[in-house]
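Notes follow once the structure below has been shown.
Number of protein chains: 2
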Amino acid sequence: MQKRILAKTAAGWEGVAPEGYVPGERTAVVRHTLVGERKAAPSDPGPANELRYFEVPPGAVTRLEKHEHEHFVIVGEGVGHAIVGVDVREVRRHDVVYVAPWEPHQFVNRGSETFGFFCIVTADRDVSQTLDAAELARLLASPAGAFADPFGAPPPRPKPVA
Amino acid sequence: MQKRILAKTAAGWEGVAPEGYVPGERTAVVRHTLVGERKAAPSDPGPANELRYFEVPPGAVTRLEKHEHEHFVIVGEGVGHAIVGVDVREVRRHDVVYVAPWEPHQFVNRGSETFGFFCIVTADRDVSQTLDAAELARLLASPAGAFADPFGAPPPRPKPVA
Chain A
0 MQKRILAKTA
10 AGWEGVAPEG
20 YVPGERTAVV
30 RHTLVGERKA
40 APSDPGPANE
50 LRYFEVPPGA
60 VTRLEKHEHE
70 HFVIVGEGVG
80 HAIVGVDVRE
90 VRRHDVVYVA
100 PWEPHQFVNR
110 GSETFGFFCI
120 VTADRDVSQT
130 LDAAELARLL
140 ASPAGAFADP
150 FGAPPPRPKP
160 VA
Chain B
0 MQKRILAKTA
10 AGWEGVAPEG
20 YVPGERTAVV
30 RHTLVGERKA
40 APSDPGPANE
50 LRYFEVPPGA
60 VTRLEKHEHE
70 HFVIVGEGVG
80 HAIVGVDVRE
90 VRRHDVVYVA
100 PWEPHQFVNR
110 GSETFGFFCI
120 VTADRDVSQT
130 LDAAELARLL
140 ASPAGAFADP
150 FGAPPPRPKP
160 VA
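Protein chains in written order, with numbering that gives the first Met the number 0: chain A, 0 to 161; chain B, 0 to 161.
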């Protein structure tokens, strides 16, 4: 049963167990799944979107990836760099990042404190993909290339079977 | 053109003009439309969701309403009360509220500072409705009734024509 009101605590959110970036996998990035869950089929019951909070420790990154579904990101804490397409910008609390379909993106923590952000995605979504060689070359040659880390996070996993 | 990275400023977000709660209408509640916009038809271009930030001044409330679309809410500042169904709870920064389809809900500021929250909804959504007499009676007889204000915000307006 999806809770309606989730209180923030010092360590996370009431009743939400922190997981790895990819659930079940041990990674530097910590994930809190706050509302909803990934659907194997659009007709599955439950919230239409999934709201997660990711904690990126100093020196860590999220996956450099692309996909058809959109990201709606709200920074919660710390200072990070958001790469969207070939742009990069320092972001901090309550800055907002929108990632449109198929735009390469990555979140990078070069700071000395945890960088954390809320991220909303549709519950029924396509699997993340790594960048192809041309996209990667273009990104690495851009200002964002100074922050990108193509192999800093585990590769995408297949979509769960319906 | 939807901006990809929106920096928080002291007064709101870079490049985002604050509006009334209902755009074009003068109300106590201030709205910042950060990503996307309401679609008149699902096939309209643009982000699938709309991300807004609402500032509720002391003593003010959002509309007591219900609708088929879901709300994903993240508190940004201040202290408020979230009514969902017949439950009510004090909420503060980074508490999360999920409103499921057709659940009556309202956000109330009984504090002395601005209460602000992010709210994500689908861009193509149904029009908000006021509660019917039975729903209102049930709500007012519940603990949430001590906080609800059925007429504290302007009534819903019709959906824009496609």
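Ideal Cβ placement from N, Cα and C applies to all residues, glycine included.
- prompt: Using a beta-carbon distance below 7 angstroms, is A/Pro100 in contact with chain B?
  reply: No, its Cβ sits nowhere closer than 7 angstroms to a Cβ of chain B.
For the stretch 82 to 96 of chain B, which residues have a CB atom closer than 8 angstroms to at least one CB atom of chain A, in sequence order? Val83, Gly84, Asp86, Arg88, Val90, Arg91, Arg92, His93, Asp94, Val95, Val96
| request: Output the distance between the C-alpha atoms of A/Ala163 and B/Lys65, rounded to the nearest integer angstrom. | output: Lying outside 0 to 161, the shown extent of chain A, residue 163 of chain A is not represented and no answer is given.
Worksheet item: From A/Ala164 to B/Gly151, what does the alpha carbon distance come to, in whole angstroms?
Response: In the structure as shown, chain A starts at 0 and stops at 161, and residue 164 of chain A therefore has no counterpart that could be examined.
(Q) For B/Ala10 and A/Pro157, I'd like the C-alpha separation in whole angstroms. (A) 43 angstroms
Checklist entry - Between the stretch 73 to 87 of chain A and the stretch 100 to 117 of chain A, do three or more beta carbon pairs fall short of 8 angstroms? => result Result yes; three or more Cβ-Cβ pairs closer than 8 angstroms.
Q | Beta-bridge pairing of A/Phe117 - partner residues as DSSP gives them | A | Beta-bridge pairing links A/Phe117 to A/Tyr52, A/Ile73.
Whose CA, out of B/Ile119, B/Arg88, B/Leu138, lies closest to the CA of B/Glu102?
Cα-wise, what sits closest to B/Glu102 is B/Leu138.
Does B/Asn48 get closer than 7 angstroms to chain A when you measure Cβ to Cβ?
yes
Practice task
Spell out whether any CB of chain A is found under 7 angstroms from the CB atom of B/Lys7.
Solution key: yes
**Asked** Is the stretch 91 to 108 of chain A close to the stretch 55 to 72 of chain A, with three or more CB pairs under 8 angstroms?
**Response** Verdict: yes, contact present.
Which residue's Cα is closest to the Cα of B/Pro154: B/Ala147, B/Thr61, B/Val72, B/Ala132?
-> B/Thr61
(Q) What residue range does the beta strand (DSSP E) around A/Glu89 cover? (A) Counting along the chain, the beta strand (DSSP E) containing A/Glu89 begins and ends at 86 to 90.
Note to self: Looking at chain A, is there any beta carbon in it that lies within less than 7 angstroms of the beta carbon of B/Glu69?
What the structure shows: yes
Cutoff 6 angstroms; reference B/Asn108; Cβ partners in own chain excluding five residues on either side:
Val55, Pro57, Ala59, Gly79, Phe114
Q.
Using only CA atoms, which one of B/Arg124, B/Val28, B/Ala6, B/Phe53 lies nearest to B/Asp43?
A. The candidate whose alpha carbon is nearest that of B/Asp43 is B/Arg124.
Q) With distances taken between CB atoms, is the gap from B/Val72 to B/Phe116 smaller than 7 angstroms? A) yes
- Item | Residues that B/Leu33 contacts on chain A, provided the C-beta gap is smaller than 7 angstroms | Val95
request  = Return the CA-CA distance between A/Gln1 and A/Ala133, expressed in angstroms with no decimal places.
outcome  = 42 angstroms
### Query
chain B beta carbons: is any one of them nearer than 7 angstroms to that of A/Phe117?
yes
- Item | Classification of A/Val126 by the beta-carbon crowding that lies within 10 angstroms, buried from 16 upward | Its Cβ having fewer than 16 others within 10 Å, A/Val126 is exposed.
B/Ala152 - DSSP class collapsed to helix/strand/coil
coil
Self-check item: Proximal residues to A/Val95 (C-beta, below 6 angstroms), its chain only, five neighbours per side dropped
Solution: Ile73
* Asked: Quick one: what's got a C-beta closer than 7 angstroms to B/Leu50's C-beta in the same chain, skipping five residues either side?
  -> The answer, listed in chain order, is Leu33, Val34, Gly35, Phe117, Ile119.
Any idea what DSSP makes of B/Ala132, helix, strand or coil?
helix
What residues are listed by DSSP as bridge partners for B/Leu5? A/Val95
- [ ] Could you list the residues in the stretch 125 to 141 of chain B with a C-beta less than 8 angstroms from some C-beta on chain A, going in chain order?
- [x] none
| message | Which residue marks the beginning of the beta strand (DSSP E) containing B/Phe106, and which one marks its end? | response | 104 to 107
- [ ] Could you give the DSSP three-state label for A/Gly11: helix, strand or coil?
- [x] Judged by DSSP in its simplified three-state form, A/Gly11 adopts coil rather than helix or strand.
Query raised in the report: Beta carbon of A/Pro46, beta carbon of B/Glu69: below 7 angstroms?
Result: yes
*asked:* According to DSSP, is B/Ala81 part of a helix, a strand, or is it coil?
replied: strand
Query raised in the report: What do you get for B/Ala145, buried or exposed, if any count of 16 or more other CB atoms within 10 angstroms of its CB means buried?
Result: exposed
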